[in-house]
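Residue numbers for the sequence shown follow the working numbering, beginning at 4 and rising by one.
Here a beta-carbon is modelled for each residue, glycine too, at the ideal position from N, C-alpha and C.
Small disclaimer: the values here were computed from a predicted structure and weren't measured.
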Amino acid sequence: MSEKIIMDCDPGHDDAIAMILAGARTSHLEILAVTTVSGNQAVSKNTRNALNVLDIMGKGEIPVSMGASRPLIKEPSFAEEIHGVTGLDGPKLPETPRHHATPHHAADVIIDAVKNSDEPVTIVATGPLTNIATALIRDAKIVQNIKSITIMGGGTFGNWTPTAEFNIWADAEAAQRVFNCGARINVFGLDVTHQVLATDDIIQRFALINNDVAGFVVELLKFFKSTYKTYFDMDGGPIHDACAILYLIKPELFKMQHTHIAIEHHSALTYGTMSVDLNNVTDGEKNAYFAVDVNVEAIWQVMEQLLADYNL
Ligand code: RIB
Ligand code: CA
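Structure (structure tokens):
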């Protein structure tokens, strides 16, 4: 029995790895649609990258729909320092993908896919939450057929400001709307993703998997490692977005805590900060499941198994 998912993303090296893991034969996930959002790069570049990644996966039939080119309120911001001018620097990719995006807006695709599904749909969000918030604003009732909104974002510390993580900071108004929607929300923030670093040893393990998709992941991780060394002095790129997908495949890899989460979107100093009430010091409703720990070695073993699926 496979779980139906929509992947809303801004590929982005770790988004691309999340897509690859989700598309593996033994993931038991069915990707209904990929939707793209402004984030790591301009949405046009993120869309081209999503189309190229699906082609490399041999999943060119999965529809890709472009979404928001800017946040709900603030000006767009990109993470070009980390992901490069193409948004997926490192591997050589076609300037013009073999497949085209659909003519539909991501938010409308999300609404239609959720409303028309015969079973509840999981929305996996690995970029800013602009498209998800837009879909909820256009049709709040879709919450009734959402199994969960599983997010890479936030955390109890920041990577874009001292207290804010990029995905949440890039559109905090959208994030607050999502956290107030009433759906089950699973959150994979920097507290766990910064434990899952693709160092040289891990890259070498993946390089032993003899197929083109694993080879592509190796190239992605080599570039990602180089920018994380430059900007964060880290010895490996954190596979942030893959954590959201790996939770859906093997939830036992993570320790989750039901808690109250709110997003700051007024203050200039702390805009985009995720307030995670792990010690229950407020009377805020517990509206999310927050990942507080991860079995790192098991993560690598599961990734090796999923990448090996592409041998067939
Ligand atoms: O802060 C990490 C997040 O921002 C990841 O989703 C990465 O792809 C970037 O979008
Ligand atoms: Ca991302």
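Considering just the uninterrupted stretch of the beta strand (DSSP E) at I7, what are its terminal residues? Looking at the sequence itself, residue 7 is Lys, so the reference to Ile does not match. Segment E6 to C12, the beta strand (DSSP E) holding K7.
If you measure from the CB of G161, is any heavy atom of ligand 2 nearer than 7 Å? no
Please go through the same chain and pick out, in chain order, the residues whose beta-carbon is closer than 7 Å to the beta-carbon of T230, but skip the five residues on each side of it. E84 and I85
Is it the case that the Cβ atoms of M155 and F191 are separated by a distance below 8 Å? yes
Please classify G61: is it buried, with 16 or more other beta-carbons within 10 angstroms of its beta-carbon, or exposed? exposed
Where DSSP assigns a beta bridge to G240, which residues make up the other side? A201
CA-to-CA distance, V127 to K150, given in whole angstroms: 11 Å
Rounded to whole angstroms, what is the Cα-Cα separation between D13 and T137? 16 Å
Counting pairs of Cβ atoms below 8 Å between the segment 243-257 and the segment 138-145, do you hit three or more? no
Between R73, T262, E222 and G63, which has its C-alpha nearest T285's C-alpha? T262
My output table needs one value for Q260: the three-state DSSP class, helix, strand or coil. strand
To which residues does DSSP link Y2 through a beta bridge? Outside the displayed range of the chain (4 to 315) lies residue 2, so it cannot be described from this structure.
Can you give me the Cβ contacts of L193 inside the same chain, cut-off strictly under 7 Å, excluding the 5 residues immediately before and after it? G158, F160, N162 and E168
Contact belief for Y274 with A27 at Cβ below 8 Å, rounded distance in angstroms: That belief does not hold up - the Cβ atoms of Y274 and A27 are roughly 37 Å apart, past 8 Å.
Taking 7 Å as the line, does the beta carbon of D92 fall inside it for any heavy atom of ligand 2? no
Verify the contact flag: G185, CB atom, against every heavy atom of ligand 2, threshold strictly below 7 Å. no
DSSP beta-bridge partners for A167? T276
Indicate the three-state DSSP secondary structure (helix, strand or coil) for K150 in the structure shown. strand
Which residues have a Cβ closer than 6 Å to any heavy atom of ligand 1, listed in chain order? D13, G15, D17, D18, G42, N43, A82, T129, G130, M155, N162, E168, F169, N170, H243 and D244
Find out if the Cβ-Cβ distance for the pair L200, L24 is shorter than 8 Å. no
Is T99 helix, strand or coil by DSSP? coil
Contact check, V112 vs A36, beta carbons under 8 Å: yes
Considering Cα atoms alone, identify which of P79, G63, V279 and K95 is closest to F219. K95
According to the Cβ coordinates, are V216 and A294 closer than 8 Å? no
Residue(s) in a DSSP beta bridge with T39: C12 and M69
Kindly indicate if chain C contains any beta-carbon less than 8 Å away from that of C12. Of the protein chains in the structure, only one exists, and it is not chain C.
Return the bridge partner residues of I266 from the DSSP annotation. M277
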